[in-house]
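For the sequence shown, counting from 1, position 134 maps to 133 in numbering that gives the first Met the number 0; every step adds exactly one.
For glycine and all other residues, C-beta sits at the position ideal for the given N, C-alpha and C.
Keep in mind the model is a prediction, meaning the values are calculated, not measured.
Down below is the structure, laid out as structure tokens.
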Amino acid sequence: MILYPAIDLINGACVRLAQGKFDQVTLYDPDPFKRLGLFNDENAQWVHIVDLDGAKAGSPQQHELIGRLAKASKAKIQTGGGVRSREHVATLLDAGVSAVVVGSAAVKNPEEVRGWLAEFGKDRITLALDVLPTKDGDFDAALHGWVEGSGISLWDVLDYYPVGVAQRILVTDVSRDGMLMGPNMDLMRALRQKRPDLEIQASGGVKSIDDLYDLKALGVHGAIVGKAIYEGLIDLKAALNVG
Numbered sequence: 000m001i002l003y004p005a006i007d008l009i010n011g012a013c014v015r016l017a018q019g020k021f022d023q024v025t026l027y028d029p030d031p032f033k034r035l036g037l038f039n040d041e042n043a044q045w046v047h048i049v050d051l052d053g054a055k056a057g058s059p060q061q062h063e064l065i066g067r068l069a070k071a072s073k074a075k076i077q078t079g080g081g082v083r084s085r086e087h088v089a090t091l092l093d094a095g096v097s098a099v100v101v102g103s104a105a106v107k108n109p110e111e112v113r114g115w116l117a118e119f120g121k122d123r124i125t126l127a128l129d130v131l132p133t134k135d136g137d138f139d140a141a142l143h144g145w146v147e148g149s150g151i152s153l154w155d156v157l158d159y160y161p162v163g164v165a166q167r168i169l170v171t172d173v174s175r176d177g178m179l180m181g182p183n184m185d186l187m188r189a190l191r192q193k194r195p196d197l198e199i200q201a202s203g204g205v206k207s208i209d210d211l212y213d214l215k216a217l218g219v220h221g222a223i224v225g226k227a228i229y230e231g232l233i234d235l236k237a238a239l240n241v242g
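This is the structure in structure tokens:
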């Protein structure tokens, strides 16, 4: 399993949100290059960077900074936040990142996104589905930086991308994101059962090394970890060795 240590950016600084709420921001480091250096020192394979300003605005806002981070990184960079068009994808790939995360567009414009997957390659685009648990036990796909539900079930969205169309999917239980509650194992188990063809990245709630081993045991391909690393609850070197 691949660990993706996370850098979430607002105005160029490393922050974390609680449950995707932009009014609950914790500043961890004003210098993302310092944080990236720590990840480089431990030989992380990948780093996950989110342009939170872009997620809120609906278009990438920090792509120049992300490009500089990509050039400074020994790890491959996966990044997203506000990616809504082919041009956004191309701009980020041209900036030097290895994979672009596509979220809201994957829900709202699946035909267009399938075209991007075909054009740029399944290995260059990660579909991101941010989900909100519903009262009936289903999961609603969230849109526009987690600020609204779509009314579309996670499982219906996955049907937009039949076997062979996509390769990687990043799924965040927004209710757990930044809350250190542990990952939603039932959700991850259901994803593995229903779509074994996809490389699943788990995000939201990871709080311990044990969580990472539990995800690995389920066959989850990757885990995005932010707050638990920043708060010192997970040792980065040990976490990288879980894989």
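query	result
Integer-rounded CB distance, given that Gly242 should sit under 8 Å from Leu2	6 Å
Status (buried if at least 16 other CB within 10 Å, exposed otherwise) for Pro29	exposed
The region 177 to 196 in contact with the region 211 to 218 per 3-pair CB rule at 8 Å	yes
The region 166 to 177 in contact with the region 83 to 90 per 3-pair CB rule at 8 Å	no
Endpoints, beta strand (DSSP E) assigned at His62	Element bounds for His62: not the beta strand (DSSP E) but the alpha helix (DSSP H), His62 to Ala71.
Beta-carbon contacts of Gly144 that lie in its chain and below 6 Å, excluding the five residues immediately before and after	A caution first: Gly144 carries a pLDDT of 48, below 50, which makes its placement in the model unreliable, though a value can still be read off. Ala54 and Lys55.
Candidates Gly66, Ala74, Gly79 and Lys70, of which the one nearest Asp50 by Cα	Gly79
Inter-residue Cα distance where the pair is Leu8 and Ile48	7 Å
Secondary structure of Thr78, DSSP reduced to three states	strand
CB of Ala98 within 7 Å of CB of Thr125, strictly	yes
Close-in-space but distant-in-sequence residues of the same chain around Asp158 (CB under 8 Å, 5 per side omitted)	none
Spatially closest choice to Asp122 from Val96, Leu128 and Leu214, by CA coordinates	Val96
Entirely enclosed alpha helix (DSSP H) segments - the region 121 to 165, minimum 4 residues	153 to 158
Local Cβ density within 10 Å of Val162, reported as buried at 16 or more and exposed below that	exposed
Neighbourhood of Lys73 by C-beta distance below 6 Å, restricted to the same chain and skipping five residues each side	Asn39
CA-to-CA distance, Pro4 to Leu197, given in whole angstroms	21 Å
Nonlocal neighbours in the same chain, by C-beta distance under 8 Å from Arg34, ignoring five residues either side	Ile6, Cys13, Tyr27 and Asp28
Classification of Gly206 by the beta-carbon crowding that lies within 10 angstroms, buried from 16 upward	The question names Gly, yet the displayed sequence has Lys at residue 206. By the neighbour-count rule (16 or more Cβ atoms within 10 Å), Lys206 is buried.
Proximity of Leu204 and Gly181 at Cβ, strictly below 7 Å	Here residue 204 is Gly; the residue named in the question, Leu, does not match the sequence. Yes. Within cutoff.
Pair within 7 Å by beta-carbon distance, Ile208 and Ala237	yes
Three-state secondary structure assigned by DSSP to Glu111	helix
Closer than 7 Å to chain B by CB, Pro31	In the displayed structure, chain B is absent; only one protein chain is listed.
N- and C-terminal bounds of the alpha helix (DSSP H) containing Gln192	Met184 to Lys193
Simplified DSSP state of Val99, which is helix, strand or coil	strand
Val170 to Val156 span [Cα, whole Å]	12 Å
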